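Residue 1 is where the sequence shown starts when you use the UniProt record's numbering, and the numbers rise one by one after that.
Glycine is no exception: its CB is placed at the ideal position from the N, C-alpha and C atoms.
Since the model is a prediction, treat every value here as computed from it, not as a measurement.
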Amino acid sequence: MSSPAAENTLTPEDAALLERAMYEVKRVIVGQDQLVERILVGLLARGHILLEGVPGVAKTLAVETFATVVGGEFARIQFTPDLVPTDLIGTRIYRQGREEFDTELGPVVTNFLLADEINRAPAKVQSALLEVMAERKVSIGGTTYPLPDPFLVMATQNPIENEGVYPLPEAQRDRFLFKVLVDYPSVEEEREIVYRMGIEPPSASRVLDPATTIRLQRVAANVFVHHALVDYVVRVVDASRRPADLGLNDVATWLSYGASPRATLGIVAAARALAIVRGRDYVIPQDIVEIIPDVLRHRVVLSYDALADEVTPDQIITRILQTVGLPQVSAVPQQAGAPQQGAPQQAVPAPQPQQGAPQQRVQQPSQQSPAAAPTQVSSRPEGHVGQ
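Right, dumping it as structure tokens:
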């Protein structure tokens with residue numbers, strides 16, 4: 001009988017299972033690699049995803065395919081201005097012959113829910129859905145019904161049409177783990193779409209089951225994150241609130257509000273999930289850097305100056321990442337003792353050197369100024385404590 005600690009540890013079989021799941025989805029979805037990966041990461045991190053893209057770029061097909069691969073149920077809701085909350089969560093129906101009420105659960109009671117064009121519905125419908133996302137249960141007639149596990153909501157927005165829409169308020173956007181921008185496929189990918197979908201479209205096979213997915217969620221929650229990377233995430237999120245403290249006076253004029261602590265938790269959780277998707281039981285700096293834009297994009301609130309200057313959230317996030325120092329965390333075990341908590345930080349958020357390259361890339365440290373040299377620490381859990 002295996003121990004709980006062993007069950008929550010990534011095994012080679014788990015890594016192969018996740019790789020096969022990605023392969024099955026990509027048999028159907030041509031291109032959109034980031035979309036496919038972020039859906040799996042969001043599922044493992046127990047988060048929800050907000051998609052922004054034009055119609056016809058495989059958003060619905062991607063969710064349907066994931067439901068097939070994971071072995072869960074799929075439901076799709078087309079949001080319209082006349083939608084009411086009971087259309088989502090369900091209602092009680094009076095049966096005249098039996099003179100009693102029956103409860104009819106709504107389409108939100110599923111594993112994978114696609115909320116298409118969420119900004120088409122009024123605020124009360126949006127609030128009903130977002131409450132379900134946070135609580136993972138619905139209440140009808142005084143009775144509470146838990147949602148099935150796993151539960152993933154993907155909401156879409158159309159960036160082209162702005163008339164007759166109800167934009168999500170900032171507080172409601174904060175409930176989503178990711179905001180992913182879905183772009184058009186490349187010329188080569190679109191050519192492959194024509195050939196692949198021509199006669200008989202491919203279909204994905206079931207790879208996971210809900211029980212395995214729940215176990216992998218626990219595995220992702222136990223992935224090791226070095227304290228230096230946690231400190232880096234906290235400093236990045238804090239820089240979105242007080243950019244002037246880092247000398248980013250122009251960014252300060254572009255931002256009305258920064259990200260909340262929910263963003264800090266989301267970055268760490270998503271980086272852990274991304275690590276196991278890529279076959280690792282520890283987080284490296286590149287995981288953090290890749291995840292941050294998708295987690296912060298919808299959480300920073302732009303000012304009127306930013307709208308007038310046509311500044312995008314991604315440009316602001318890039319400026320912050322270029323300013324906040326990234327710790328030089330190595331993917332190999334540290335031979336010496338554990339590093340100190342306040343280790344100096346690398347000033348440029350760049351990926352790690354390739355294998356065989358020297359560890360000290362900038363210059364050799366000087367004994368007269370040891371604080372100027374980046375301290376290399378290990379992202380592996382050997383010799384360190386806890387997450």
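| Simplified DSSP state of Pro-146, which is helix, strand or coil | To locate residue 146, count along the sequence shown from 1; it is residue 146. Strand.
Check: So is Glu-13 buried or exposed if we call it buried at 16+ other beta carbons inside 10 Å?
Finding: For the purposes of this step, residue 13 is taken as residue 13 along the sequence shown, with counting starting at 1. By the neighbour-count rule (16 or more Cβ atoms within 10 Å), Glu-13 is not buried but exposed.
Q. When we look at the beta-carbon of Asp-309 and count the other beta-carbons within 10 Å, is it buried (16 or more) or exposed?
A. The count along the sequence shown starts at 1 and reaches residue 309 at position 309. With fewer than 16 other Cβ atoms within 10 Å, it is exposed.
Close-in-space but distant-in-sequence residues of the same chain around Ala-15 (CB under 6 angstroms, 5 per side omitted) | Within the sequence shown, residue 15 is the residue found at index 15, counting from 1. Cβ within range, chain order: Gly-279.
Q) Among His-48, Val-28, Leu-35, which one has its Cα closest to the Cα of residue 390? A) In this structure the chain extends from 1 to 387, so residue 390 is not present and cannot be described.
Review point. Between Pro-358 and the rest of its own chain, which residues show a CB-CB distance below 8 angstroms, the 5 nearest in sequence each way excluded?
Key: The count along the sequence shown starts at 1 and reaches residue 358 at position 358. With a pLDDT of only 41 at Pro-358, under the threshold of 50, the placement of this residue in the model should not be trusted; the figure read from the coordinates follows. Cβ within range, chain order: n/a, list empty.
| request: Would you grab the beta carbon distance between Pro-201 and Val-30 for me? Rounded to a whole angstrom, and I think it's under 8 angstroms. | output: Residue numbering aside, residue 201 sits at position 201 when the sequence shown is read from its first letter. Residue numbering aside, residue 30 sits at position 30 when the sequence shown is read from its first letter. Not really, about 11 angstroms apart at Cβ, beyond 8 angstroms.
Checklist entry - Under 8 angstroms, do Ala-123 and Ile-77 count as touching if we go by C-beta distance? => result As a working mapping, residue 123 is identified with position 123 in the sequence shown. As a working mapping, residue 77 is identified with position 77 in the sequence shown. Cβ atoms of Ala-123 and Ile-77: not closer than 8 angstroms.
DSSP three-state assignment for Met-133, whether helix, strand or coil:
If you number the sequence shown from 1, residue 133 lands on position 133. In the structure shown, Met-133 sits in a helix (DSSP, three-state: H, G or I).
Exposed or buried, what is Leu-18 when buried is set at 16 or more other beta-carbons lying within 10 Å of its beta-carbon? What you label residue 18 is simply residue 18 of the sequence shown in a count that begins at 1. It counts as buried.
By how many angstroms is the C-alpha of Leu-307 removed from the C-alpha of Ile-316?
Translated into positions along the sequence shown, residue 316 becomes position 316. Translated into positions along the sequence shown, residue 307 becomes position 307. Using only the alpha carbons, I get a separation of about 12 angstroms.
- [ ] Could you name the residues that DSSP lists as bridge partners for Ser-139?
- [x] Taking the sequence shown and counting its residues from 1, one reaches residue 139 at position 139. Answer by DSSP bridge pairing, in chain order: Thr-144.
Exercise. What residue range is occupied by the uninterrupted beta strand (DSSP E) comprising Val-182?
Worked result: Counting from one through the sequence shown, the residue named residue 182 turns up at place 182. It spans 178-182 - the beta strand (DSSP E) in which Val-182 sits, taken as one unbroken run.
| said: Here's a check: name, in chain order, each residue in its chain whose Cβ is nearer than 6 angstroms to the Cβ of Ala-275, leaving out the five neighbours to either side. | reply: Against the sequence shown, residue 275 aligns to sequence position 275. Answer for Ala-275: Val-223, Val-283, Asp-287, listed in chain order.
Notebook entry, point to check: Any idea which residues DSSP pairs Glu-52 with across the strands?
Noted result: As a working mapping, residue 52 is identified with position 52 in the sequence shown. Per DSSP, Gln-157, Leu-181.
Check your understanding: To which residues of the same chain is Lys-179 closer than 6 angstroms at the C-beta, ignoring the five residues directly before and after it?
Key -> As a first step, residue 179 must be located in the sequence shown, where it is residue number 179. Within the same chain, Lys-179 has close Cβ partners Leu-50, Arg-297, His-298.
task = Determine the DSSP secondary structure at Gln-32, reduced to helix, strand or coil.
result = Taking the first residue of the sequence shown as 1, we reach residue 32 at position 32. If DSSP states are grouped into helix, strand and coil, Gln-32 belongs with coil.
* Asked: What three-state label does DSSP hand Asp-174 in the structure shown?
  -> Taking the sequence shown and counting its residues from 1, the one referred to as residue 174 is at position 174. Looking at Asp-174 - three-state DSSP - the assignment turns out to be coil, as it is neither helix nor strand.
Exercise for the section: List the endpoints of the continuous alpha helix (DSSP H) containing Asp-102. Expected result: On the sequence shown, residue 102 is found 102 positions in, with the first residue counted as 1. Where Asp-102 is concerned, there is no enclosing alpha helix (DSSP H), although the beta strand (DSSP E) it sits in stretches over 100-105.
- Can you tell me the Cβ-Cβ gap for Ala-21 and Ala-270, rounded? I've got them flagged as a contact below 8 angstroms. For the purposes of this step, residue 21 is taken as residue 21 along the sequence shown, with counting starting at 1. For the purposes of this step, residue 270 is taken as residue 270 along the sequence shown, with counting starting at 1. Rounded, the Cβ-Cβ distance is 17 angstroms, inconsistent with contact.
| message | Tell me the DSSP secondary structure of Gly-42 in three-state form. | response | Along the sequence shown, read from residue 1 onward, the residue named residue 42 stands at position 42. Three-state DSSP puts Gly-42 in a helix.
6 angstroms CB neighbourhood of Gly-141 in its chain, flanking five on each side removed | As a working mapping, residue 141 is identified with position 141 in the sequence shown. Its chain contains Arg-92 as the residues whose beta carbon lies nearer than 6 angstroms to that of Gly-141, once the 5 sequence neighbours on both sides are disregarded; these appear in chain order.
| query | What's the C-alpha gap between Val-84 and Thr-156? | reply | Position 84 of the sequence shown, counting from 1, holds the residue named residue 84. Position 156 of the sequence shown, counting from 1, holds the residue named residue 156. Approximately 18 angstroms between the Cα atoms of the pair.
Please list the terminal residues of the continuous beta strand (DSSP E) segment that includes Arg-76. Counting from one through the sequence shown, the residue named residue 76 turns up at place 76. Per DSSP, Arg-76 is one residue of the beta strand (DSSP E) stretching across 74-78.
Can you tell me which residues form a DSSP beta bridge with Leu-114? As a position in the sequence shown, residue 114 is number 114, starting the count at 1. Per DSSP, Arg-76, Met-154.
Task: Ser-127 in three-state terms, based on DSSP - done: As a first step, residue 127 is located in the sequence shown; it is residue number 127 there, counting from the start. Ser-127 falls in the helix class under three-state DSSP.
- Query: Is Ala-15 helix, strand or coil when you go by DSSP?
  - Reply: Residue numbering aside, residue 15 sits at position 15 when the sequence shown is read from its first letter. Here Ala-15 sits in helix by DSSP.
Which ranges does the beta strand (DSSP E) cover as unbroken runs of at least 3 residues, wholly within the segment 192-279, from first to last along the chain?
255-257
How is Val-70 classed by DSSP in three states: helix, strand or coil? On the sequence shown, position 70 is the one that residue 70 refers to. Looking at Val-70 - three-state DSSP - the assignment turns out to be helix.
(Q) Please state whether the Cβ-Cβ distance between Ser-240 and Gly-258 is less than 8 angstroms. (A) One-based indexing of the sequence shown puts residue 240 at position 240. One-based indexing of the sequence shown puts residue 258 at position 258. Cβ atoms of Ser-240 and Gly-258: closer than 8 angstroms.
Can you tell me whether DSSP reads Gly-325 as helix, strand or coil?
-> Here residue 325 is taken as the residue at index 325 of the sequence shown, counted from 1. Looking at Gly-325 - three-state DSSP - the assignment turns out to be coil, as it is neither helix nor strand.
*asked:* Here's a check: name, in chain order, each residue in its chain whose Cβ is nearer than 8 angstroms to the Cβ of Thr-9, leaving out the five neighbours to either side.
replied: Here the question's residue 9 lines up with position 9 in the sequence shown. Cβ within range, chain order: Val-219, Asn-222, Asp-281.
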